[in-house]
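The sequence shown runs 2 to 432 under our numbering.
Reading through the structure tokens given below for one structure.
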Amino acid sequence: MSDADRSVQTAGRDGVDDEARRIARARLPEGLRPETLAVRTALAPSQHGENSEALFLTSGYVQPDAETSARRFAASEDFTYSRTSNPTVRSFEARLAAMEGTEACVATSTGMSAILLMIMGLLKAGDHVICSRSVFGSTINLFAKEFGKFGVETSFVSQTDLNEWRAALKPSTRLLFAETPTNPLTEVCDIAALADIAHGAGALLAVDNSFCSPALQRPASLGADLVMHSGTKYLDGQGRVMAGSLCGPDKLIKDVFGPVVRTAGMTLSPFNAWVVLKGLETLSLRMKAHSENALAVARWLEARPEVARVFYPGLASHPQHALAMRQQHGQGGAVVSFELRGRHGQSGPDAARAAAFHLIDSTRVLSVATNLGDTKSIITHPATTSHGRLSEAQREAAGIGQGLVRLAVGLEHVDDITDDLLRGLSTLNNA
Ligand SMILES: *Cc1c(COP(=O)(O)O)cnc(C)c1O
Numbered sequence: 002m003s004d005a006d007r008s009v010q011t012a013g014r015d016g017v018d019d020e021a022r023r024i025a026r027a028r029l030p031e032g033l034r035p036e037t038l039a040v041r042t043a044l045a046p047s048q049h050g051e052n053s054e055a056l057f058l059t060s061g062y063v064q065p066d067a068e069t070s071a072r073r074f075a076a077s078e079d080f081t082y083s084r085t086s087n088p089t090v091r092s093f094e095a096r097l098a099a100m101e102g103t104e105a106c107v108a109t110s111t112g113m114s115a116i117l118l119m120i121m122g123l124l125k126a127g128d129h130v131i132c133s134r135s136v137f138g139s140t141i142n143l144f145a146k147e148f149g150k151f152g153v154e155t156s157f158v159s160q161t162d163l164n165e166w167r168a169a170l171k172p173s174t175r176l177l178f179a180e181t182p183t184n185p186l187t188e189v190c191d192i193a194a195l196a197d198i199a200h201g202a203g204a205l206l207a208v209d210n211s212f213c214s215p216a217l218q219r220p221a222s223l224g225a226d227l228v229m230h231s232g233t234k235y236l237d238g239q240g241r242v243m244a245g246s247l248c249g250p251d252k253l254i255k256d257v258f259g260p261v262v263r264t265a266g267m268t269l270s271p272f273n274a275w276v277v278l279k280g281l282e283t284l285s286l287r288m289k290a291h292s293e294n295a296l297a298v299a300r301w302l303e304a305r306p307e308v309a310r311v312f313y314p315g316l317a318s319h320p321q322h323a324l325a326m327r328q329q330h331g332q333g334g335a336v337v338s339f340e341l342r343g344r345h346g347q348s349g350p351d352a353a354r355a356a357a358f359h360l361i362d363s364t365r366v367l368s369v370a371t372n373l374g375d376t377k378s379i380i381t382h383p384a385t386t387s388h389g390r391l392s393e394a395q396r397e398a399a400g401i402g403q404g405l406v407r408l409a410v411g412l413e414h415v416d417d418i419t420d421d422l423l424r425g426l427s428t429l430n431n432a
């Protein structure tokens, strides 16, 4: 044996006491604030004492002996195979649960697979769901189309009119599903009121918290039973990886959703979990900066003569401004939409679309893309992208006109964002 080999083995033996001490130190005291939990919550470090959580890229785990292996497989605990569990993924789950204020969390490969997991775990043929009609388009398709064919029935109701939610209740209603604020019109629903409606009917409330993240809004503290995330958005926050999650009580996450993930395999990859785990450390700083930038851009747009209307929860002109400020810790989030007047004051969809395309094509800094939740500001034309498959009449009903432009405001200097918008706005009527 070489000296190098021996020194590695010696370190391993002497490391036992050290490791016990490190694990004890990794137990955090009670009462830490969300910003601290976002930086500190994780599994205990390995015997090497790394200060930044390790990335465990492994599909399997070596067991000390057959007896232990049998026990671990039977109990579905500890680490046996990475479809079931992985230390990096588990650190991400622990950290996000701590930030959302829920007992547990299960990570998934994307936001959509978190909703897939939720439906597979909770619902069966004959069950009924009530969902806002303003939620993410793929969410509507997953409930109505994909699970409609398995006999799960979904009623779509107004984002803001609680009476529609109450009127849609049936004896078979198992789940209410909401997203707030919505994309692209930033409509806000009252989470606490929806939780009361759900619980009064013996149903659960699940909230898609992708737009606000726990830095702004903690749905579980307002009565929601489940909190869903597209981690692809602000949890990562830098446009790098796909990820998703469901947070909630132990009895649902461990007993209902855990077995479904283990069998169906909508598992988050360890690499993506590590990226998002690191993203969580700066989440509250980023969301504050996104919100400040977005509010400044929204106010600037509201003062422009070319702009007919601005949709942003942080503006006093927003119909649910007071509710949003209460529910979102006084911050509006990063997404701002606005309606342009047509070129040369012309009305009608064609003039409105020409104005929107001119504005988008005049930008030199913003990214023309449909994503959001990035440090880079993104500009989108919803009527021809995210809502492009709707008929003109359906779009009108949803309030998505041809003159509507959506911004997912990033972390560039705010003056560079408004300067970039000015390139198009100031030349709108030149052509
Ligand atoms: C992006 C998004 C989703 C879907 O998440 P993916 O990670 O793309 O699967 C769901 N809900 C909202 C609000 C989103 O923005």
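We treat Cβ as the ideally placed atom computed from N, Cα and C, and that holds for glycine.
**Study point:** Inter-residue spacing [alpha-carbon to alpha-carbon] between residue 296 and residue 354
**Key:** 25 Å
Original post:
If residue 307 sits next to residue 426, beta carbons under 8 Å apart, how far is it from one beta carbon to the other, in whole angstroms?
Top reply: 5 Å
### Message
Closer than 7 Å to a non-hydrogen atom of ligand 1 - does that hold for the CB of residue 94?
### Response
no
Report task. Note down the Cα distance separating residue 144 from residue 178, rounded to an integer number of angstroms. Result -> 10 Å
Is the CB-CB distance between residue 249 and residue 111 below 8 Å?
no
Looking at ligand 2, does it come within less than 7 Å of residue 113, judged from the CB to the closest heavy atom? Inclusion of ligand 2 in the displayed structure is not the case, the ligand content consisting of ligand 1 alone.
- What residues are listed by DSSP as bridge partners for residue 154? 129
* Asked: Under three-state DSSP, which class holds residue 310?
  -> strand
- Touching by the beta-carbon criterion (3+ pairs, under 8 Å), the region 265-278 and the region 80-90: yes
**Study point:** Closest residue to residue 83 among 115, 62, 73 and 31 (Cα-Cα distance)
**Key:** 62
Exercise. Taking Cβ positions, are residue 278 and residue 23 nearer each other than 8 Å?
Worked result: no
| query | Out of curiosity, what's the CA-to-CA distance linking residue 231 and residue 243? | reply | 8 Å
Discussion item. My output table needs one value for residue 116: the three-state DSSP class, helix, strand or coil.
Written reply: helix
>> Can you tell me where the alpha helix (DSSP H) holding residue 138 begins and where it ends?
In response: 138-142
Alpha helix (DSSP H) runs contained entirely in the region 257-297, provided each spans 4 or more residues
259-265 and 271-282
_Quick check on the DSSP output: the beta strand (DSSP E) that includes residue 231 runs from which residue to which?_
227-231
Point to revise | Beta-carbon separation (whole angstroms), residue 410 vs residue 311, contact threshold 8 Å | key: Incorrect: roughly 12 Å between the Cβ atoms, too far for contact.
Exercise for review: Mind reading off the beta-carbon distance from residue 173 to residue 165? Whole number of angstroms is fine, and I expect it under 8 Å.
Suggested key: Not confirmed; about 18 Å, so no contact.
- Query: Regarding residue 180 and ligand 1, is the C-beta to nearest heavy atom distance less than 7 Å?
  - Reply: yes
Got a sec? Which residues, its chain only, sit under 6 Å from residue 420 by beta carbon, not counting five neighbours each side? none
Checklist entry - Quick one: any contact between the region 103-117 and the region 49-62, if contact means 3 or more CB pairs under 8 Å? => result no
| said: On the CB-based measure, 16 or more other CB atoms within 10 Å of its CB, does residue 237 come out buried or exposed? | reply: buried
Top-ranked residue by Cα proximity to residue 122, from 254, 229 and 387
254
In the DSSP assignment, find the unbroken beta strand (DSSP E) run with residue 245 in it and report its ends.
-> 245-249
Is any heavy atom in ligand 1 found nearer than 7 Å to the beta carbon of residue 326?
-> no
- request: Just tell me which of 331, 132, 363 and 280 has its CA closest to the CA of residue 289.
  value: 331
- Sheet register partners of residue 407 (DSSP bridge): 338 and 381
With respect to 7 Å, is the separation between the Cβ of residue 148 and the closest non-hydrogen atom of ligand 1 below this value? no
>> Using a Cβ-Cβ cutoff of less than 7 Å, which residues in the same chain neighbour residue 239 once the five nearest sequence positions on both sides are dropped?
In response: 280, 375 and 376
(Q) Which same chain residues end up closer than 8 Å to residue 338 when comparing Cβ atoms and leaving out the 5 residues on each side of it in sequence? (A) 185, 186, 187, 311, 312, 313, 383, 405, 406, 407 and 408
- Mind checking who residue 209 pairs with in its DSSP beta bridge? 180 and 229
* To do: From the DSSP output, in three-state form, read off residue 38 for me.
  => helix
**Q.** Cβ distance (whole Å) where residue 109 is taken to contact residue 247 below 8 Å
**A.** 7 Å
Worksheet item: When you compare each of 335, 300 and 305 to residue 318 by their alpha carbons, which one comes out closest?
Response: 300
Buried or exposed for residue 372, going by 16 or more other Cβ atoms inside 10 Å? exposed
Run of the alpha helix (DSSP H) containing residue 419, from where it starts to where it stops:
415-426
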